[in-house]
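Chemist: Pasting in a structure now, in structure tokens, and then I'll have a few things to ask.
Numbering (the working numbering), first residue to last: 780 to 1320.
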């Protein structure tokens, strides 16, 4: 096998791709239904953002500049992001590398601004647009889109079982425009939040040197308003309940947050309401108690230091940037939740049709519906035959692709065939090192026994006092955060989901810790230094 059926064309003008951040959003192989339903509006939304919202570039000629699929995996175009960062005041290509794509201390080649007519003028227009967003955050727009997505969720719960296939198909198709418009709003949050945090840190670095990065992170710990962290707190609240009281509260959590789940951007991945057993296992694992956390005291200590050192005299905009960080970090997570709400409605509508096709003898399992393309899905919903041989071939292709370890970075024109990628079994050798380096992001130092979790739905959940070691985390992993003392993830940067949620919950965390899941073993005693981005193995299991 040399390519996945749904791999896409790469843009030679913007050639550098990364799994950093992309692997956090979609860690698994992209399903045929996602590739043909989700990726087209995702690509259109990114193009709209890079040409209309911000004048970063002209409309690209390549059909998949921003959201390519390589070897079955979703990659993000870091060349385009670095261009945006270079043109945006208050941030830089180096900042975007650190905050979104950092991994194991890997450094990309320095960014070189293109010698093209009008480049400086683009920067001026982007500066004006960014300043306008910072001055007037689209809070009402963000809330309206989220409320509308929640309303569609309530509608789906009320009507899905009684709807005809034609009605379900029409509803499914009606979600695509929302996917595009919601992602445009998400991209605003994802683009402006690094400017807010970067500007806060830049002002502090001018006073404290490199320590300013850490102080900036401390100053936004536990600020609240983080959608996915609130879901984690809701799940944690179940641990002290029993019997009917637990069942009632459990159902309330599912009603509110059941749209979330591991790999939640992938239509084929089951959300919590499809797999409620995952939440039950996580709650059972932490009934003995959780870690003591007080992120507010860390933030208060940082603010007290600023007061004692007279920081406001040297950095008058301190309070402005603190307030903007609070707003924009919340916007980033809220807009992600809005997108996931829409994806989950499509997931559930498709699964309902899949159940009916099983009853009609067209499919063997309901979840095989996700191995159809959009056109095949529409035809099957309207009574057409399903080619099960093709479904089986795609299931086998996914299993084969999963054996290979994809490269963290890929360059258009230089990506080796999948069969030349290392097998995961070979890549997981580990070596003799007792130190894993990554990106600092959620301050603090903690020690505990490691729990390596590769699949949050299958592997044993974390227990109180342990350190979660994971390839990535997304909101579906939140139940595993409940009792841990620290989190280590192989993917991500300062503004990855792992970091934003860990800071809000007060959990020391290191991301971009490449090789952590193979070097560290379950039971190892580890020390996680979230302030410096270092994980040390103190004692082997």
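Positions of the beta carbon are idealized from the N, C-alpha and C atoms, including for glycine.
Who are the near neighbours of residue 752 in its chain, counting only those whose CB is closer than 7 Å to its CB and skipping five residues on each side?
Modeler: The structure shown does not extend to residue 752, since the chain is modelled only from 780 through 1320, so no value can be given for it.
Chemist: With burial defined as no fewer than 16 other Cβ atoms inside 10 Å of the residue's Cβ, what is the status of residue 1265: buried or exposed?
Modeler: The residue in question, residue 1265, is buried, as its Cβ has 16 or more Cβ neighbours within 10 Å.
Chemist: My guess is that residue 1007 and residue 1267 are in contact by the Cβ rule of under 8 Å, so how many angstroms apart are they, rounded?
Modeler: About 18 Å separates the two Cβ atoms, so there is no contact after all.
Chemist: In the DSSP assignment, find the beta strand (DSSP E) that holds residue 1220 and state where it starts and stops.
Modeler: Where residue 1220 is concerned, the enclosing beta strand (DSSP E) stretches over 1218-1221.
Chemist: On a Cα-Cα basis, can you pick out the residue from 868, 926, 875, 890 that is closest to residue 903?
Modeler: Among 868, 926, 875, 890, the Cα nearest to that of residue 903 is on 868.
Chemist: Under 8 Å by Cβ, that's how I've got residue 1132 and residue 1158 pegged, so tell me the actual separation to the nearest angstrom.
Modeler: In fact, because the Cβ distance is near 12 Å, the residues do not count as touching under 8 Å.
Chemist: Quick one: using the 10 Å Cβ neighbour count with 16 as the cut-off for buried, is residue 938 buried or exposed?
Modeler: By the neighbour-count rule (16 or more Cβ atoms within 10 Å), residue 938 is not buried but exposed.
Chemist: Residue range of the alpha helix (DSSP H) that residue 1156 falls in?
Modeler: Here the alpha helix (DSSP H) through residue 1156 covers 1153-1160.
Chemist: Expressed to the nearest angstrom, what Euclidean distance is found between the alpha-carbon atoms of residue 1151 and residue 848?
Modeler: Cα-Cα distance, rounded: 17 Å.
Chemist: Tell me the rounded alpha-carbon separation between residue 1311 and residue 1087.
Modeler: So the two alpha carbons sit approximately 24 Å from each other.
Chemist: Which of helix, strand or coil does DSSP assign to residue 787?
Modeler: In the structure shown, residue 787 sits in coil (DSSP, three-state: anything other than H, G, I, E or B).
Chemist: Do three or more CB pairs link the region 950-964 to the region 1093-1106 at distances below 8 Å?
Modeler: Not touching, per the Cβ criterion.
Chemist: So what's residue 1189 in DSSP terms, helix, strand or just coil?
Modeler: Of the three classes helix, strand and coil, the one that applies to residue 1189 here is strand, per DSSP.
Chemist: Assess contact between the region 1114-1122 and the region 926-941, defined as three or more Cβ pairs (one per stretch) separated by less than 8 Å. Is contact present?
Modeler: Judged by Cβ distances under 8 Å, the region 1114-1122 makes contact with the region 926-941, as three or more pairs qualify.
Chemist: Please report how far the alpha carbon of residue 1031 lies from the alpha carbon of residue 1058, in whole angstroms.
Modeler: The alpha-carbon atoms of residue 1031 and residue 1058 are separated by roughly 13 Å.
Chemist: Looking at the secondary structure, which residues open and close the alpha helix (DSSP H) in which residue 931 lies?
Modeler: First-last of the alpha helix (DSSP H) with residue 931: 918-938.
Chemist: Tell me which residues share the same chain as residue 818 and place their Cβ nearer than 6 Å to its Cβ, disregarding the 5 neighbours each side in the sequence.
Modeler: Within the same chain, residue 818 has close Cβ partners 846.
Chemist: For residue 1272 versus residue 1290, is the C-beta distance shorter than 8 Å?
Modeler: Result yes, Cβ atoms of residue 1272 and residue 1290 sit closer than 8 Å.
Chemist: Distance check for residue 1250 and residue 1184, CA to CA, integer angstroms please.
Modeler: Roughly 12 Å between the two C-alpha positions.
Chemist: Which two residues bound the contiguous alpha helix (DSSP H) that contains residue 1114?
Modeler: Residues 1097-1138.
Chemist: Whose C-alpha, out of 854, 942, 832, is nearest the C-alpha of residue 907?
Modeler: Of the listed residues, the one whose Cα sits closest to residue 907 is 832.
Chemist: My output table needs one value for residue 780: the three-state DSSP class, helix, strand or coil.
Modeler: Only weak support exists for where residue 780 lies, its pLDDT of 44 falling under 50; the coordinates are left without a value.
Chemist: Are residue 797 and residue 857 touching if we call contact CB-CB under 8 Å?
Modeler: In contact: residue 797 and residue 857 (Cβ atoms closer than 8 Å).
Chemist: What's the C-alpha gap between residue 1097 and residue 1060?
Modeler: Cα to Cα, the separation comes out at about 43 Å.
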